[in-house]
Structure formats: structure tokens, C-alpha cells
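*Asks:* The structure that follows is given in the form of C-alpha cells.
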Amino acid sequence: MKLDNKIVLVTGVSSGIGAATASLLRAQGAQVIGVDLKAPHMTLDGFVQGDLSSAEHIDRLLPQLPARFDSLCNIAGVPGTADPQLLARVNYLGLRHLSQALLPRINAGGSIVNIASILGAEWPLRLEQHKALARLEGFAAGQAWLAEHPVPAPTCYQYFKEALIVWTYVQAQPWFLEHSVRMNSVAPGPVFTPILDDFVSMLGEARTQADAHRMKRPAYADEVAAVIAFLCAEESRWINGVNLPVDGGLASTYI
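If you count the sequence shown from 1, position 109 lands on 354 in the working numbering, and the numbers rise without skipping.
So, in C-alpha cells, the structure goes:
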């Protein structure tokens, strides 16, 4: 992959898919600037400790980030067992706010990669809701809309992964036309990461057992990282507005 001398910003860099992505990007010649609440356990080209749960926290983080770079990998997130309000702020509203704020800094030909989930596959069932939320500008406007359209806590994780996929679809083409920056999402199935147990707990025993025969195994983090790195590389320069499942075919078995 052509990543030599590219500067890539990776959120959620200190564990799981974020750590695997940072390691692979650096091995492919990229410079990696990491963002996370926790310090990383690897060599990076730069690291900024930051909280992505509010517009104010993100705005305080922005001056510490590069003035120009090539790709943004939005990997930070909280599991489905987290507080629903925190989940909405980090997994959707914060990701969107950070991306919008950093878009002018991304070099032409650059890329944004959002980490969705196989659990977002049912977005067509709520398409109009997700499109209405996607069209709103700003963190505060999104919070106000969600206050008027509350999401049931048990389905919060799925809902905001669906919303992220739809926002990626809605926003990718305008940003590509105006800024020459591509945006895609990656939708992993279960992955061997520190939050795998949270993923299983969130789904419950019945759902987990029902899906078990459809899977060969959970993914390894580096298998997802390879797809993220590809979407940052020159070879993917004409891939835009796509949600790419990385799940060993799990989603295809529902058809």
C-alpha cells in the first residue's frame, strides 16, 4: 500500500483495532498521530491525550493536532454496555464534530475512515430518522434532535452504528466534490479486542448463541486494520461513500 510519508490521525489508538491500525500504518511508511484517553503502549510519531465526548473537549483538542495531514481514522468508541448518553456523544456526535472540524486540514486526495459495526446493518429500517439526524449541523443540534427523539437504551449501540453508516453515505459525496477527501466506513463483526466481552454482554446469551454457527471465529484486530489502512492508501483513491463489512461473511448469512 502506498502510505510512505503520509500523516494519519488515529483516534482510539491505545488498544484494539486502533492500536493494530497504528502499528500497520507505521509499518507501511506512514507517520501516525494518536488520540486517546489512555497513553499508548507503542511508538508513535505523536500522541495527544483527549476526550471525544463533547464539543468543548474536542475543540480544546484541535489546536494540538496537525495543521495538515492525509487521513483521519475514527476508531475511538465506547461499547454497548456504556451509558447511552456517553455512547451517543462519543460514537456519533463527537466523531462527526471532530471530522467536520478537521476536514479543512486534510490534504486533497486524503481519506476519512469511520468504524461502524455489523450491528448497523439494519439502517434501512430507520433510514428517514438517520437521514434527518445526518443533515443537522453541529454537536448541539444533534443533541437537541436526540432529546426529542430518544433512543431506547438497549438498542443505542446498534442505532448509532446505523446512524454513522447513513451519515457516511450522506456526507461522503459532498465532501469529496468540495474537498477531494474521501469518506468510507468499515463494519467489523465481533473482534478479539478488550471490549469483546462487552459486545457479547450487550447482545445477550440468546443472540450470541443464535449467531454462533454463522461465524468461523471473531476477527483479529489486524485483519480489520488492514482494510482501514487500505482505505487510507493511494490504491483506494476511487472508493468513496462505501460501508465495507469486515466480518468473515457473517452479514451475508442473513440473506
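Glycine included, every Cβ here is placed at the ideal spot set by N, Cα and C. This one's a predicted model, so the numbers in the text were calculated from it and none came from an experiment.
#1: In terms of residue numbering, what span does the alpha helix (DSSP H) encompassing T266 cover?
#2: Nearest CA to the CA of V253: which residue from A300, G274 and M287?
#3: Could you tell me the boundaries of the beta strand (DSSP E) in which I357 lies?
#4: Tell me, please, which residues DSSP counts as bridged to T256.
#5: To which residues does DSSP link S430 through a beta bridge?
#6: Give the DSSP-derived three-state secondary structure of A464 in the structure shown.
#7: Confirm, please, whether the CB-CB distance from L307 to A346 is below 7 angstroms.
#8: Helix, strand or coil: how does DSSP classify S298 here?
#9: Nearest to I351 by alpha carbon, out of E382, Y404, R427 and L289?
#10: Which residue's Cα is closest to the Cα of A505: L476, T413 and R459?
#11: How would you call D304, buried or exposed, if buried means at least 16 neighbouring beta carbons within 10 angstroms?
#12: Taking the alpha carbon of L343 as the reference point, which residue from G486, G383, A474 and Y402 has its own alpha carbon closest?
*Replies:* In brief:
#1: G261 to A272
#2: G274
#3: I351 to I360
#4: V280
#5: N359 and N488
#6: strand
#7: yes
#8: coil
#9: R427
#10: In the structure as shown, the chain starts at 246 and stops at 500, and residue 505 therefore has no counterpart that could be examined.
#11: exposed
#12: G383
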